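Accompanying notes for the structure given below.
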Amino acid sequence: MCPIPDGVDPCVMGTTIQKALESAGHVRRYDQISITAFGNNLIQKKDVTRKLYSTGKISLMHGTEYQTQLLIWSERTRPPATMMIIDSHERLGVGWLASTLSNLEDKGYTILLAYPQCDGIAKPLPRSFSKQWYWQDLVSDEQKTITSLDLKEDCYERNIVFCSLCYFESQTFEDLPTHLKTEGHAYSEYNHSCDDSVDWLNLANLHLGRSEEWDLRAAQDFFIRLSFKYGNNPDPVDLINQNKELDILAARKLLTHLREKYGLKLGHLLTYCFEDLSEEE
Ligand SMILES: [Zn+2]
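Going letter by letter, the sequence shown gives residues 0 to 280 in numbering that gives the first Met the number 0.
Below, the structure is given as structure tokens:
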């Protein structure tokens with residue numbers, strides 16, 4: 000989440016981070032390392048990110064809320080294992096991220112942190128993690144010694160580009176800028192920019208009619224929510240708000256819209272969510 004410091008070649012970032020881990024004495028499990036760069040403006044700085052990606056060591060992820068990714072990582076990597084987070088001091092020290100990191104450390108993971116040195120007095124982090132660096136120091140120290148190091152090139156997991164809003168994934172760099180321009184992604188951005196109070200089963204909130212891709216993405220979301228609400232394990236909050244007749248009406252209206260505007264016949268989605276309804280379309 001931190002920009003690469005000025006004057007540092009993006010091509011050496013992978014090896015720099017690897018060396019910092021090794022010199023801190025942290026042994027990699029299975030001798031494997033995976034590095035992911037997160038951000039919302041990966042594509043505005045296309046030259047830098049293309050270089051980062053082209054080394055084959057660093058995955059790119061569009062999005063800033065990466066806590067879920069940490070939890071996914073911990074699901075597939077049992078402790079002891081080491082995780083290094085590079086982010087601003089403010090973000091590392093507060094909220095859900097701070098408690099996620101504390102929980103992971105309690106479970107036996109080693110947590111290493113790096114953050115930019117700030118001019119003012121930074122509030123201390125709520126607990127002291129295994130090791131902390133200033134981001135600039137980490138990068139410049141490693142730069143000095145990098146050429147003499149015996150680095151393994153085959154210890155990196157295969158890198159990918161990823162959109163955390165759409166769960167879109169590819170191994171081709173150019174697919175990310177292309178994806179970020181799609182209407183499907185635009186819908187995800189809109190969806191994520193809204194607060195939790197929005198009723199996504201109210202068609203007025205879906206802004207239908209923008210394009211076929213937008214409408215399809217919105218419809219996909221709508222029916223996923225519907226199947227959660229009326230599925231085998233509904234959220235208790237949803238049960239309080241249940242208004243089945245209204246929801247069926249909205250679902251039918253949405254299907255009619257897709258059929259009339261784009262010729263899409265998706266009637267099976269209705270009977271998938273409501274098994275007691277017979278298919279009519
Ligand atoms: Zn996306």
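Note that the Cβ used here is the ideal one computed from N, Cα and C, for glycine as well.
Here the structure is a predicted model, which is why all the values come from computation and not from measurement.
- A Cβ-Cβ distance of about 7 Å is found for the pair residue 34 and residue 58, placing them in contact under the 8 Å criterion.
- Judged by their CB atoms, residue 62 and residue 175 are not nearer to each other than the 9 Å cut-off.
- The secondary-structure analysis by DSSP pairs residue 132 across a beta bridge with 113.
- At a threshold of 8 Å, residue 265 does not count as near ligand 1, since its beta carbon sits no closer than that to any of the ligand's heavy atoms.
- Here the distance from the Cβ of residue 183 to the nearest heavy atom of ligand 1 is below 8 Å.
- Selection 60, 21 and 13 evaluated against residue 168 yields 60 as nearest (Cα-Cα).
- Scanning its chain for C-beta atoms nearer than 7 Å, with the 5 sequence neighbours on each side dropped, one finds around residue 96 the residues 66 and 90, in chain order.
- In chain order, 261 place their CB closer than 6 Å to the CB of residue 211, counting only its own chain and leaving out the 5 sequence neighbours on each side.
- Residue 171 and residue 8 have their alpha carbons spaced roughly 21 Å apart.
- DSSP places residue 230 in the coil class of the three-state scheme, outside both helix and strand.
- In the three-state DSSP reduction, residue 16 falls in the helix class (H, G or I).
- The three-state reading of DSSP puts residue 76 in coil, since its state is none of H, G, I, E or B.
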